[in-house]
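A quick write-up on the structure given underneath.
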Amino acid sequence: MLEDYNIKRKPVPIFMIFRYVCYALISYMLLLAVPHFVDYGESWHEQKEGSSVLFRVVANSNLQEDQLLKQEIVQAVQPMFEQIASMQEVEFAIADIKQVLAKDYAQHDVHISVGGNLIPPKYEFSTFYPQNFYQSVVLTIGQGRGDNWFCSVFPKTCEKPEEKKDEKRKFVIYEWLKRKLS
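Letter by letter, the sequence shown follows residues 609 to 790 in our numbering.
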């Protein structure tokens with residue numbers, strides 16, 4: 609049987625130089641392209657942020673009845689917000705919203721706040737909105753001490769993580785040696 613052996617060739621300097629020049633050109637092109645994509649992403653996010661109107665409903669408390677009332681109000685008012693594209697159109701929708709609230713929810717104290725409101729952090733269509741003041745419409749039911757409507761739909765996203773107890777770490781090899789040598 610024949611033994612394997614390495615075939616050694618002398619590297620041709622022109623090919624090595626050509627390879628490094630290609631690497632340098634590709635790196636340079638990528639460096640030129642990155643700012644373009646960053647600017648495009650930022651401008652898209654600013655357009656989305658500027659054109660979208662955020663909608664938030666805050667319940668009176670976290671009791672089941674208050675959360676159900678909040679969900680009813682969201683279902684009654686949300687179709688009106690789906691047609692709104694800018695803050696100029698909000699003024700027309702506010703009149704409709706006030707009529708719906710006066711007609712169906714007159715016994716509940718509902719406040720409407722339009723303008724720069726503090727919105728908690730959330731994801732919307734793979735876009736992260738950090739906690740900030742946004743042009744938005746906020747419906748506050750009663751004292752407004754309940755969770756947001758997306759917290760009632762997706763409770764795991766708003767629950768605080770449980771505190772983990774510090775467990776003593778066990779090292780298998782150490783424990784095994786300890787048993788064998790004892």
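We treat Cβ as the ideally placed atom computed from N, Cα and C, and that holds for glycine.
_Arg627 (DSSP reduced to helix, strand or coil)_ = If DSSP states are grouped into helix, strand and coil, Arg627 belongs with the helices.
*For the candidate residues Gln739, Val708, Gly752, Tyr631, whose alpha-carbon lies nearest to that of Pro687?*
Val708
_Please identify the residue among Val665, Ser790, Val646, Tyr613 whose C-alpha is closest to the C-alpha of Leu726._
Of the listed residues, the one whose Cα sits closest to Leu726 is Val665.
*Give me the Cβ distance between Leu747 and Val718, rounded to the nearest whole Å; I'm assuming they're in contact under 8 Å.*
6 Å
_Beta-carbon proximity check, Gln743 vs Pro728, cutoff 8 Å_ = no
*asked:* If you measure between the beta carbons of Val722 and Val745, is that distance less than 8 Å?
replied: yes
*Extent of the continuous beta strand (DSSP E) to which Leu821 belongs*: Nothing about residue 821 can be reported from this structure: the residues present for the chain run from 609 to 790 only.
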